[in-house]
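A short write-up of the structure that comes next.
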Amino acid sequence: MDANKILNSNILDILFENRNKEYGAYDLRKTYNRRITVALAITVGVVLLFVAYFLITKNKVDVAPTKILVQDVKIENYKKPPPPKKAPPPPPPPKAAPPKIEMKKFTIPKIVKDNEVKPEDKPPKQDEKITIGPVTQHGLKMNGLAAPPEVKGIGGTGKGPGGTGTGDYEKEFTSVQVKATYPGGPEAWQKYLTRNLQSQLPAENGAPAGQYAVTVSFLVSRDGSTSEVKAISAPNPDYGTAAEAVRVIERSGKWNPAIQNGRQVTYRQTQKIIFSVTE
């Protein structure tokens, strides 16, 4: 090869000078860089696809759709309690007795012998400041005649056993003027049942579609605490509704106590809870 061509030729052309370039070795060496570049690009692309797929599938969690079943819970109709009766006004204080007026008993003149005249029947000496009346008594001196004093009969001693002041308000009431209520009224009671009552319990226990009413009896003490909670009426079979109604009443906390004659009393409360099961 000429010297001028050597300076301007590729190393492959120099090596394959006067050799068979069509054999394949020449072509492989000449296209080596392009093939390496394509191979690296394909490898990097495949790796990136695998990494992206792994990240996507790792963060993806199969969540089964949740079906929310809303059951209607009915409570007995709430009636607004009548306003408490006003206490009668206290009796007026007794009137003060009028002051006694000093007077001398008036003696009707009667002609008798001197030895038959009693000392108290002798006509009294007249005093201008002493009033003449039917009896003799000491008091204020006034001029003129006075009205006869009121004559009272024999009164009692005024003594008697005193009461404790509590009356019968310590007993258990079954009828009151104002029934015990849940704090916040019917809306708060409805919210409490919605959050705490397991309304789907009868359906889970195999109950067919329908309504299952449970009546619960319990005591609301004067301080609002509940006790003696029991189901007095429930379907048969009850599918667990009776125990659930008792549980939700026991966990309801303190109630507003019942009122009788303006006083808080212990009241036997009844509450109906209805479980509804739909198909």
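Numbering (this note's numbering), first residue to last: -15 to 263. Glycine included, every Cβ here is placed at the ideal spot set by N, Cα and C. Since the model is a prediction, treat every value here as computed from it, not as a measurement.
Between the options, which lies nearest to residue i when the distance is taken from Cα to Cα?
i: LEU185; options: TYR251, THR225, PRO67 and ARG18; result: THR225
i: SER159; options: TYR16, VAL31, THR21 and PRO241; result: PRO241
i: THR210; options: THR250, TYR176 and PRO192; result: THR250
i: ILE257; options: ARG247, TYR153, VAL200 and GLN248; result: VAL200
i: ALA215; options: ILE233, VAL204 and GLY208; result: ILE233
i: GLU228; options: GLN182, TYR37 and PRO77; result: GLN182
i: SER260; options: ALA187, GLN248, GLY237 and ARG235; result: ALA187
i: ASP222; options: ILE26, GLN195 and ARG13; result: GLN195
i: GLN174; options: ASN220, GLN255 and PHE157; result: GLN255
i: VAL198; options: LEU39, ASN220 and GLY237; result: ASN220
i: ALA172; options: GLY237, PRO75 and ARG18; result: GLY237
Below 8 angstroms on the Cβ atoms is my guess for residue i versus residue j; work out the distance and round it to an integer in Å.
i: TRP239; j: PRO170; result: So it is not a contact: roughly 13 angstroms between Cβ atoms.
i: ARG206; j: GLN248; result: 5 angstroms
i: ILE243; j: PRO66; result: Contact doesn't hold; Cβ gap of about 10 angstroms is too wide.
Would you mind reading off the limits of the beta strand (DSSP E) that contains residue i?
i: VAL249; result: 247 to 261
i: GLY194; result: 194 to 204
i: THR210; result: 210 to 217
i: GLN244; result: 242 to 244
Count the other CB atoms within 10 Å of the CB of residue i; is the residue buried (16 or more) or exposed (fewer)?
i: LYS143; result: Because the pLDDT of LYS143 is 47, which lies under 50, any placement of that residue in the model is unreliable, and the question is left without a value.
i: PHE34; result: exposed
i: VAL230; result: buried
i: LYS42; result: exposed
i: THR262; result: exposed
i: ALA218; result: buried
i: ASP152; result: exposed
i: VAL162; result: buried
i: ALA191; result: buried
i: VAL28; result: exposed
i: VAL31; result: exposed
i: VAL22; result: exposed
For the alpha helix (DSSP H) that residue i lies in, which residues bound it at each end?
i: GLY41; result: Going by the sequence as given, residue 41 is Thr instead of Gly. Taken as a continuous stretch (DSSP letters only), the alpha helix (DSSP H) holding THR41 covers 16 to 43.
i: GLN184; result: Here GLN184 belongs to no alpha helix (DSSP H), and DSSP marks it neither H nor E.
i: THR225; result: 225 to 234
Output needed for residue i: all residues of its chain with C-beta closer than 6 angstroms, excluding positions within five of it in sequence on either side, in chain order.
i: ASP11; result: none
i: GLN253; result: ALA164, PHE202 and VAL204
i: ALA189; result: One detail in the question is off: residue 189 reads as Asn in this sequence, not Ala. So the list reads TYR223 and GLY224, once near-sequence residues are dropped.
i: ALA208; result: At residue 208 the sequence reads Gly, which differs from the Ala that was named. If we look at GLY208 and ignore the five residues flanking it on each side, its Cβ neighbours are LYS238, TRP239 and PRO241.
For residue i, I'd like the list of residues in its chain whose CB is within less than 7 angstroms of its CB, leaving aside the five on either flank, ordered along the chain.
i: ALA71; result: GLY246
i: LYS155; result: none
i: GLU134; result: Note on GLU134: pLDDT 48, under 50, position unreliable in the model; no value is reported.
i: VAL213; result: VAL200, PHE202, VAL230, ILE233 and GLU234
In chain order, what residues of the same chain have a beta carbon less than 8 angstroms from the beta carbon of residue i, not counting five sequence neighbours either side?
i: ARG235; result: ASN180
i: PHE157; result: ALA242, GLN244, VAL249, THR250, TYR251 and ARG252
i: ILE20; result: none
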